Every structure is written in structure tokens, then in C-alpha cells.
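So the protein lines, in turn, are chains G and A. So for the first sequence, my numbering puts the first residue at 1; every next one is plus one. So for the second sequence, my numbering puts the first residue at 1; every next one is plus one.
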Amino acid sequence: MEQPVFDIKKKVKPKFFPKHQEAIYRRLENKHTSVDVSKKDGDPLNTEMVLNLGPQHPATHGVLRCVLKLDGEKIEKCVLDVGYLHRGVEKIAEHKTYQEFMPYTDRMDYLSPYSNNVAFCLAVEKAAGIEVPLRAQWLRTLACELARISAHLLWLGTMVMDSGAISMFMWTFREREFLYDIFDKFAGVRFTVSHSRIGGLQFDVDQSVLDHIGNWLKKFEKELASWRKMLAKNAIFLRRVIDVGHITKADAIDYGLTGPSLRASGVAHDHRRFEPYMVYDQLDFDVVIREEGDCYARYLVRHDEMLESIKIIKQLLAKVPKGDIRADDAKATYASKNEIYYSMEGLIHDFMMTDVGVCPPKGVEVYHAIESPKGELGFHIMSDGTGSPWRCKINSPSFTNLQGLEKIMEGAMIADTVVLIGSIDPVMGEADK
Amino acid sequence: MDLLPLILRIVICLVFIAVYALVAVYAERKVSAFIQNRLGPMETGPLGLFQTAADILKLLLKEGIIPKDADKILFVAAPIVIFVSVFAGLAAIPFGPDNTGALLNVGLLFIMAIVSVDVIGLLMAGWGSNNKYALLGALRSVSQILSYEIPAGITLLAAVMMYGTLNLHEISLAQGTYSPEPVLFLGIWDVTSIGGVVSWAIFRYPHLIVAYLIYFIASLAECNRAPFDIPEAESELVSGFHLEYSGFRFAIIFLAEYANMFLVGLLAALVFLGGWNTPLPNLGSFALADWTSGEPGTFAGAAWGTLWILLKAFAAVLAHMWIRWTLPRLRVDQLLKMSWKVLTPLAFLLFMISGIVKLLEVYQG
Numbered sequence: 001m002e003q004p005v006f007d008i009k010k011k012v013k014p015k016f017f018p019k020h021q022e023a024i025y026r027r028l029e030n031k032h033t034s035v036d037v038s039k040k041d042g043d044p045l046n047t048e049m050v051l052n053l054g055p056q057h058p059a060t061h062g063v064l065r066c067v068l069k070l071d072g073e074k075i076e077k078c079v080l081d082v083g084y085l086h087r088g089v090e091k092i093a094e095h096k097t098y099q100e101f102m103p104y105t106d107r108m109d110y111l112s113p114y115s116n117n118v119a120f121c122l123a124v125e126k127a128a129g130i131e132v133p134l135r136a137q138w139l140r141t142l143a144c145e146l147a148r149i150s151a152h153l154l155w156l157g158t159m160v161m162d163s164g165a166i167s168m169f170m171w172t173f174r175e176r177e178f179l180y181d182i183f184d185k186f187a188g189v190r191f192t193v194s195h196s197r198i199g200g201l202q203f204d205v206d207q208s209v210l211d212h213i214g215n216w217l218k219k220f221e222k223e224l225a226s227w228r229k230m231l232a233k234n235a236i237f238l239r240r241v242i243d244v245g246h247i248t249k250a251d252a253i254d255y256g257l258t259g260p261s262l263r264a265s266g267v268a269h270d271h272r273r274f275e276p277y278m279v280y281d282q283l284d285f286d287v288v289i290r291e292e293g294d295c296y297a298r299y300l301v302r303h304d305e306m307l308e309s310i311k312i313i314k315q316l317l318a319k320v321p322k323g324d325i326r327a328d329d330a331k332a333t334y335a336s337k338n339e340i341y342y343s344m345e346g347l348i349h350d351f352m353m354t355d356v357g358v359c360p361p362k363g364v365e366v367y368h369a370i371e372s373p374k375g376e377l378g379f380h381i382m383s384d385g386t387g388s389p390w391r392c393k394i395n396s397p398s399f400t401n402l403q404g405l406e407k408i409m410e411g412a413m414i415a416d417t418v419v420l421i422g423s424i425d426p427v428m429g430e431a432d433k
Numbered sequence: 001m002d003l004l005p006l007i008l009r010i011v012i013c014l015v016f017i018a019v020y021a022l023v024a025v026y027a028e029r030k031v032s033a034f035i036q037n038r039l040g041p042m043e044t045g046p047l048g049l050f051q052t053a054a055d056i057l058k059l060l061l062k063e064g065i066i067p068k069d070a071d072k073i074l075f076v077a078a079p080i081v082i083f084v085s086v087f088a089g090l091a092a093i094p095f096g097p098d099n100t101g102a103l104l105n106v107g108l109l110f111i112m113a114i115v116s117v118d119v120i121g122l123l124m125a126g127w128g129s130n131n132k133y134a135l136l137g138a139l140r141s142v143s144q145i146l147s148y149e150i151p152a153g154i155t156l157l158a159a160v161m162m163y164g165t166l167n168l169h170e171i172s173l174a175q176g177t178y179s180p181e182p183v184l185f186l187g188i189w190d191v192t193s194i195g196g197v198v199s200w201a202i203f204r205y206p207h208l209i210v211a212y213l214i215y216f217i218a219s220l221a222e223c224n225r226a227p228f229d230i231p232e233a234e235s236e237l238v239s240g241f242h243l244e245y246s247g248f249r250f251a252i253i254f255l256a257e258y259a260n261m262f263l264v265g266l267l268a269a270l271v272f273l274g275g276w277n278t279p280l281p282n283l284g285s286f287a288l289a290d291w292t293s294g295e296p297g298t299f300a301g302a303a304w305g306t307l308w309i310l311l312k313a314f315a316a317v318l319a320h321m322w323i324r325w326t327l328p329r330l331r332v333d334q335l336l337k338m339s340w341k342v343l344t345p346l347a348f349l350l351f352m353i354s355g356i357v358k359l360l361e362v363y364q365g
């Protein structure tokens, strides 16, 4: 019997980027897959269907579009389409001073804005050769770990909600609310913090804030343990995640996965440990890895990472040194308010910083990556000696992780898609940039 | 039997269900709020009591949208089929000894049969919407309900075998102090004069506890409630078969879902949990059972019976809510596996045990 020819033009008439749509559907049609559908004589019962999951779908974590070819409930082939949240952040960077670009990094991975700020600052500081005072480094590390907990909390809530237990989402959001309060006290802003500055921090942090973090941490530890207890014995949750979305070690490396998704496949790679930045080399923490590579492993890795973050924050709180919070170099960083208000030079420097900003030497090209909650977040900056980068390329972990998603979706059930997307944890603001 | 005219009884039943649905939706939101550390509705009326009434009013006033490419007849008819099948089931339920819409000899069979029509409504809704998510939802609901009808039916049969009747009134009567036949606890101890929980089916025949649990699980699946709410799985299918419905039609589907929960609660209460009999036993001079129930045929009997059966049904509905807001959702293949590989064989086993117990009773007596 003749194979039915899939002709998308007969079925849909896309109005939005028709050529792109056609290319997507053709790619879906021509894709080779290892999924066994065991159809010998075409599709007599017409059980095949192309389903667009997203971009407007509540469970795709933003605007990810998954074009699925279904055979009943089984996913035969899958093509992902990204770019619905593309804002041209990299291009914008070329027209902004380094400092002006900071708020844009907040809006990339909007679940952990502080890590993005820090990642960008570290790259620029590396390009311009700025030494950051010790206190600023410790506080940045502290905020980065808080951001990691915040991002992982949202992931935990949404992933368990995607598997059907809605209440978990509310519980994790309650803790995130406390974290927002902490950021409110720490950085003056709840959500998009932009608290980090090139060469240091915007302003210093009070001891009372650090005490507040310590108090919250004690309560949070108990809460986390109770969640672990609840999910560890929840047979339905375990059935939904164990042996679902398996990625082997080799595949994980081939697809370029980073962060918890990579570590869940048994690759012990963590920038905090293997290319330490800030003060991570002075801290005692473990790189959490699991060998299984399924959704359960990814859940456990992220869960244990929260525990490690708690450990790190405790060490940080105990040892935050006294000192400046910004480098004392008016050509590289903003002058302090005291200087601006009471000296002529200070005011001029402030104007110059706002207008021109820090200028890394001409021809400097740096890449600096940090371990953001989602994985390796790197900024590649090429300088032409002016106050804005000649080119700023962002290596965003969500984007690289999505490459693995396409692979694990194939052969899964529709109900698994949401759990799989949840376990990979993409943030489309970052993937689409 | 005719304390109230038939028409009045039907009207009371319908009005009661409508009001019950309002209360149940409000309760569901408050229960979920309690579980999720929230307050729930608080603005409309004291403690948000009028919130669901306002919501229903809004739904009734909204435009009933029919998608352009939908199969209009199926799309319009589906909510009616769903609603009617559930409400027709309620007609045969004895709310109290003399408070039945239609007292049928084969009441249980009638309810099992008429509620199964519900699945046709779901299929009509899913197919008629001409939406891929709705179609998938309908597909899942059919396979789910078909597979869970079997364990539910077999466990009910296992219980019915002990009573020897399908008449729900007689089943209920056999589990209390007014039983015409002696009520034997574990087959030896005559507890007819004691009544209360010890005369309930699940305690008289302990294997029916398992049967009740199986029925409870299967009834969750029949009502499309979590963890078996895969036909309307909001995370992947957005809301499944009723995705395209809005306004009045959505309100009706919504109402039918809550009425269905109530119906299975009532049925479980009638067959397993002592029907409209009081749970309090007579303890010597403290004749709790006699104080909290009335002679069938009197007004007190009808009132007490209605109270007890409603309380039992509400307890089941609350359990449904508690489970919904706690557990994740099963995947469709796991769900079918659970039905066919675990619940159905267990139900058959219990059916067999019931048969053996009945045989022993017959030979002894």
C-alpha cells in the first residue's frame, strides 16, 4: 500500500511566517526517528495527528512551541520551534554602555536575575581588568546562591504541578515570596534586581539583612525536608518521573546539555568547582551528580543542589568580610555617592561613567561563564575600545538544554511532554534572548 | 411512601442539587486554599460565600460560543447528555427511607447504566468541538471510564450479593436497626438491636472494606477527578473535552461533574456505608441509634435518614477534594494498567469471596 503523503499545505494555511512554518512541518515530516510505531500498511485508522503544543500553552514554560507528530497518545516525532520571545538582546548590547545593558540581563533568565547580572559583570570585569573588592565578591556569591534556590524552587513547583499536583506550586511560591522579600532588603528590588555593578555592587548590605537570610534559611530547610518526604513516597509522582526522558551520558555531552540536566546524566561538570569564580574556591560544597539520567535524577539533582546552596549560604553568612563594595577606581566603576556629592571630580566621573562607561582596551575578547541555576551562562564580549561592546554573544543554558529536549520527547506520551519540559527547565526569556 | 407528592420530591431534588453544586464549588475552593496556605475566595459576601453564585451568574450571562468548525448538533447536545445522565441517576437514589424520586426494584442497575451514558456525552463534546486537545481528552475519557466501570460494577455486585437485592431502599434497610432480617456481625453476632456502624456492610463483611476502597478509586476515575483527571488534564490538554465550551454550556458540564461526585458518594454510602442509617450504635441505656433515627414511614425517619446520607455523601465529596489537591496525575497507560492489572482482578477476587461467604450463610441457615 502506498504511504500517505503528508501535505501540510492542504491542511493549514499559516499566516505567520508561512515559509518558516512550512520549513518546520517539512522538517517534522523528513525527520528520522528511532521510535517504533509498527505500522506496516500506512495509517488506515487515521491515528496520526500533528499537534502544536504551544507557543500559547500553559505548561510550556513560556512560549516554547513543540510540533508533535502523534500516533494516538505516543509522540512519534518532535520538532521544537523557538524564538517567540526574541528581543534581540545581543544586538541591543552593542548600542548600550556596559552598565546600561545590566537591566536587560535581568530579563533573560527572569527566575534568577542576580546570576545574570553577576555573569555579565564578571565578563566585563575580566575584559577591563577590574579587581572587585572582597566584600562585594562574597555578597555576590551569596545573592547568586539565593537566586539558585529561587530558580530551583520555581522549577520544583512547576514540574510537580505539570505532573498534576497543583498544591506544590503554591507551597514553593510561598517560599519564593520570602526570597523576594530578602531580595527587596538585599538589593532594594524584589524581582529584576540589577544590584550588581561593574566593579562591585550598587550599595552595601546591612548586617540585619544577613541575619534575616539566616532566619529564613532555618525555616526553609524544614520546608524543603518536608517536600522531599512528601515526594519521595508519592507513588504516582515516582511513576511519572522514573525512567521517563532518559538521556545517556554520551548523549548529554553530544547535545551540549549543561547544568543540572548534564549532572543528572552522570557528568560531573560544575563551573563553580572546575573553573571557580568569585569566592567559590574558598567554600566547601559538593557537586551533585546522579547516574540515571531520567526525570527523577534531574529532580533529585536540583533538590540536592538546593541543599548544597543552603550549605554554601551558611558558610558565606558566617564569613562575609568587611570592606568596600565597589572598586576604588573612578575610571572603571561608579564613584561613591559621597564623592559625587562633595567633590567636583566625583561628579565628573559619575557623568563620564553614565555617558561613556567603562572602556575595556581595544581588541580585547573575553568569554566568562558562570554556573547559573540552569547551567553554563557565558558572556562573550569583544571590545573595540569604546564604552559599549562591539559584539556580545550570550551562551544561554536554556537554549542549549532545549536541544536535548527534542530527543527525549520522541517515544514519550503526550502526558510526559509537560514533565519532560519541566525536567529540562527552560526559561524562554533566556533561550530566545 | 407518599409523605410528599412526587412532583415536589423531584423539584426538591433538582433544587437541592443546584444548591449543593454551589456549596461544593465553594467548598472545593476553600479546601484547596486550606491545603495551599491561601485564603480562597474572601471578597464576595461574608467569607466569599456568594462567590460561586456570582460565578454561575456570570457563566449564565456569557455568550455561548460555538466554534465555527464545530459539529454544531453534537456540540450543543453534549452538555445536555452529560447533565441528564447524571441527574437521571440521582432520581433513583433514596434520600432517606421515604424520600426517593423513583423507587426502582433495580435501582442500582439503573444508576450504573444511566451514569455510563455520561461517557457518550464526553465523546460527543470532544468530537464535536473539532479541537485536537478536546479530541484527545475525549479519547482518554472513553478508555478510562470503560475500564473503570468494570471494577466499580464488580465491587458493587460483590456487595449486592450479600443483600440479595438491587433495590437501594432494601439495601439500605438491611444495614440498620429497622432491618427485617437479622443483621449478623461477621456472620455470628446478631447486632440488629445495636445498629450503628457495626451493622454497616463494610464492617459486617470485612472483605467489603477492600471492595469499598476499590469502588472509591474507580469512582474517582468515573468522575474524572484527580489523580484520574486525565481527560481534562490541565497541564497537557489544557482542559480536555470541555476546552471549547463557555458560558451556560460550560456551567452545565461543571455542574454535572460535581453532581457526579455527589452521586458516587451517595451510591457508596448506600451500598457500603450503611445507607441512610445512623452511624451511632445503641450502647446499653444510651440508645444513640434510636435517638438519631426515626421509624421508616414517619417524618422523623425521613428527616434523620436524609441527614445521615447527605453527611456520608459530603464526606466522600470532601475526600475527593482532598485527594485532588494532594496527588499528582497518573499517565494514561499507567491508569489503564492499574485498572486492568490491579483493580479488576482484585474486584473479581472479592466477588468470589462474596459468593463463598453467601454460600456458607445459606448452608448454615
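From the three backbone atoms N, C-alpha and C, an ideal C-beta is built for every residue, glycine too. Small disclaimer: the values here were computed from a predicted structure and weren't measured.
(message) Considering just the uninterrupted stretch of the alpha helix (DSSP H) at Leu-142 of chain G, what are its terminal residues?
(response) Residue 142 of chain G sits at position 142 when you count from the first residue of the first sequence. Membership of Leu-142 of chain G in the alpha helix (DSSP H) is indicated by the continuous run 134 to 162.
(request) Give the straight-line distance between the Cα atoms of Ser-435 of chain G and Leu-210 of chain G, rounded to the nearest whole angstrom. (result) Any answer about residue 435 of chain G is impossible in this case: the structure gives chain G only from 1 up to 433.
(message) So Ala-134 of chain A and Glu-244 of chain A are supposed to be a Cβ contact under 8 Å. How far apart are they, rounded?
(response) The sequence position of residue 134 of chain A within the second sequence is 134, counting from 1. The sequence position of residue 244 of chain A within the second sequence is 244, counting from 1. Contact holds; Cβ gap of about 6 Å.
(message) Against chain A, does Gly-411 of chain G count as a neighbour if the rule is that its beta carbon must be under 7 Å from one of theirs?
(response) Position 411 of the first sequence, counted from the start, is the residue given in the question as residue 411 of chain G. Judged by the 7 Å Cβ criterion, Gly-411 of chain G is not in contact with chain A.
(message) By DSSP's criteria, Phe-286 of chain A is part of a beta bridge. Which residues make up the other side?
(response) Position 286 of the second sequence, counting from 1, holds the residue named residue 286 of chain A. According to DSSP, Phe-286 of chain A bridges with A:Leu-283.
(message) Can you give me the C-alpha to C-alpha distance between Ala-431 of chain G and Ser-396 of chain G, rounded to a whole angstrom?
(response) One-based indexing of the first sequence puts residue 431 of chain G at position 431. One-based indexing of the first sequence puts residue 396 of chain G at position 396. In a straight line, the C-alpha of Ala-431 of chain G is about 6 Å away from that of Ser-396 of chain G.
(request) Would you identify the three-state DSSP class for Gly-247 of chain A, choosing helix, strand or coil? (result) Looking up residue 247 of chain A in the second sequence gives position 247. Three-state DSSP puts Gly-247 of chain A in a helix.
(message) Determine, for Ile-114 of chain A, whether the minimum Cβ-Cβ distance to residues of chain G falls below 7 Å.
(response) Along the second sequence, one-based indexing puts residue 114 of chain A at 114. Closer than 7 Å: no.
(request) Please confirm if Leu-213 of chain A has its CB atom under 7 Å from at least one CB of chain G. (result) The residue labelled residue 213 of chain A in the question sits at position 213 within the second sequence. Judged by the 7 Å Cβ criterion, Leu-213 of chain A is not in contact with chain G.
(message) Could you check whether the Cβ of Phe-17 of chain G sits closer than 7 Å to any Cβ belonging to chain A?
(response) What you label residue 17 of chain G is simply residue 17 of the first sequence in a count that begins at 1. With 7 Å as the cut-off, Phe-17 of chain G does not count as an interface residue toward chain A.
(message) Which residues of the segment 172 to 191 of chain G have a Cβ closer than 7 Å to any Cβ of chain A? Give them in chain order.
(response) Arg-174
(message) Between which two residues does the beta strand (DSSP E) holding Arg-391 of chain G run?
(response) Taking the first sequence and counting its residues from 1, the one referred to as residue 391 of chain G is at position 391. That run of the beta strand (DSSP E) goes 391 to 395.
(request) Spell out the partners DSSP gives Met-382 of chain G in its beta bridges. (result) Position 382 of the first sequence holds residue 382 of chain G. Beta-bridge pairing links Met-382 of chain G to G:Glu-365 and G:Arg-391.
(request) Kindly indicate if chain A contains any beta-carbon less than 7 Å away from that of Leu-377 of chain G. (result) Here residue 377 of chain G refers to the residue found at position 377 when the first sequence is read from its first residue. Chain A has no Cβ within less than 7 Å of the Cβ of Leu-377 of chain G.
(message) Is Glu-339 of chain G close to chain A? Criterion is C-beta to C-beta, closer than 7 Å.
(response) As a working note, residue 339 of chain G is residue 339 in the first sequence. With 7 Å as the cut-off, Glu-339 of chain G does not count as an interface residue toward chain A.
(message) Ignoring anything shorter than 4 residues, give me the alpha helix (DSSP H) runs that lie fully in the segment 33 to 61 of chain A, in order along the chain.
(response) 51 to 61
(request) Compare the C-beta of Gln-144 of chain A with all C-beta atoms of chain G and state if any pair is closer than 7 Å. (result) As a first step, residue 144 of chain A is located in the second sequence; it is residue number 144 there, counting from the start. Gln-144 of chain A does not count as touching chain G.
(message) Beta carbons nearer than 9 Å to chain A: which residues of the segment 54 to 83 of chain G have them?
(response) His-57, Pro-58, Ala-59, Leu-70, Gly-72 and Glu-73
(message) Let me check you understand the geometry: is the CB of Met-161 of chain A closer than 6 Å to at least one non-hydrogen atom of the ligand MN?
(response) This structure simply doesn't include the ligand MN, nor any ligand for that matter.
(request) Using a Cβ-Cβ cut-off of less than 7 Å, list which residues of the segment 321 to 333 of chain A approach chain G; keep chain order. (result) Trp-325, Thr-326, Leu-327, Pro-328, Arg-329, Leu-330, Arg-331, Val-332 and Asp-333
(message) Any C-beta of chain G within less than 8 Å: which residues of the segment 263 to 296 of chain A qualify?
(response) none
(message) If you reduce the DSSP assignment to three classes, tell me which class Trp-227 of chain G lands in.
(response) In the first sequence, counting from the first residue as 1, residue 227 of chain G sits at position 227. If DSSP states are grouped into helix, strand and coil, Trp-227 of chain G belongs with the helices.
(request) Measure the Cβ-Cβ separation of Val-124 of chain G and Tyr-104 of chain G and say whether it is below 7 Å. (result) Residue mapping note: residue 124 of chain G aligns to position 124 of the first sequence, counting from 1. Residue mapping note: residue 104 of chain G aligns to position 104 of the first sequence, counting from 1. In this structure, Val-124 of chain G sits away from Tyr-104 of chain G, with a CB-CB distance that is not shorter than 7 Å.
(message) For the pair the segment 182 to 200 of chain A and the segment 210 to 218 of chain A, tell me if three or more CB-CB distances fall below 8 Å.
(response) no
(message) In this structure, how does DSSP classify Ser-193 of chain A when only helix, strand and coil are distinguished?
(response) Along the second sequence, read from residue 1 onward, the residue named residue 193 of chain A stands at position 193. Reduced to three states, the DSSP call for Ser-193 of chain A is coil.
(request) Please confirm whether Gly-153 of chain A and Met-124 of chain A have their CB atoms less than 7 Å apart. (result) As a working mapping, residue 153 of chain A is identified with position 153 in the second sequence. As a working mapping, residue 124 of chain A is identified with position 124 in the second sequence. In this structure, Met-124 of chain A does not lie closer than 7 Å to Gly-153 of chain A by Cβ.
(message) Here's a check: name, in chain order, each residue in its chain whose Cβ is nearer than 6 Å to the Cβ of Asp-285 of chain G, leaving out the five neighbours to either side.
(response) In the first sequence, counting from the first residue as 1, residue 285 of chain G sits at position 285. The amino acid at residue 285 of chain G is misidentified as Asp; the sequence shows Phe. Here the set comprises Glu-308, Lys-311 and Ile-312.
(message) DSSP three-state label for Asn-117 of chain G, please.
(response) As a first step, residue 117 of chain G is located in the first sequence; it is residue number 117 there, counting from the start. Reduced to three states, the DSSP call for Asn-117 of chain G is helix.
(request) Please list, in chain order, all residues of the same chain as Gly-294 of chain A whose beta carbon is under 6 Å from its beta carbon, the five residues on each side excluded. (result) Position 294 of the second sequence, counted from the first residue, corresponds to residue 294 of chain A. Excluding five sequence positions before and after Gly-294 of chain A, the CB atoms of its chain that fall closer than 6 Å to its own CB belong to Ala-300, Gly-301 and Trp-304, given in chain order.
(message) Give me, in chain order, the residues of the same chain whose beta-carbon lies closer than 6 Å to that of Leu-156 of chain G; leave out the 5 immediate sequence neighbours on both sides.
(response) As a position in the first sequence, residue 156 of chain G is number 156, starting the count at 1. Contacts found: Thr-172.
(request) Taking 7 Å as the cut-off, decide whether the C-beta atoms of Ala-289 of chain A and Thr-165 of chain A are in contact. (result) Along the second sequence, read from residue 1 onward, the residue named residue 289 of chain A stands at position 289. Along the second sequence, read from residue 1 onward, the residue named residue 165 of chain A stands at position 165. For Ala-289 of chain A and Thr-165 of chain A, no; Cβs fall outside 7 Å.
(message) DSSP three-state label for Glu-339 of chain G, please.
(response) Translated into positions along the first sequence, residue 339 of chain G becomes position 339. Glu-339 of chain G: helix per DSSP, three-state reduction.
(request) In the DSSP assignment, find the beta strand (DSSP E) that holds Leu-53 of chain G and state where it starts and stops. (result) As a first step, residue 53 of chain G must be located in the first sequence, where it is residue number 53. 48 to 53 is the extent of the beta strand (DSSP E) around Leu-53 of chain G.
(message) Per the DSSP calculation, Val-288 of chain G is bridged to which residue(s)?
(response) Here residue 288 of chain G is taken as the residue at index 288 of the first sequence, counted from 1. None; Val-288 of chain G has no bridge partner.
(request) Below 7 Å CB to CB, which residues in the same chain sit around Gln-436 of chain G once its five sequence neighbours on both sides are set aside? (result) Absent from the structure is residue 436 of chain G, since the part of chain G shown begins at 1 and ends at 433.
(request) Check whether the Cβ of Asn-131 of chain A lies closer than 7 Å to any Cβ atom in chain G. (result) Translated into the one-based positions of the second sequence, residue 131 of chain A becomes position 131. No, Asn-131 of chain A lies away from the interface with chain G (no Cβ there is under 7 Å from its Cβ).
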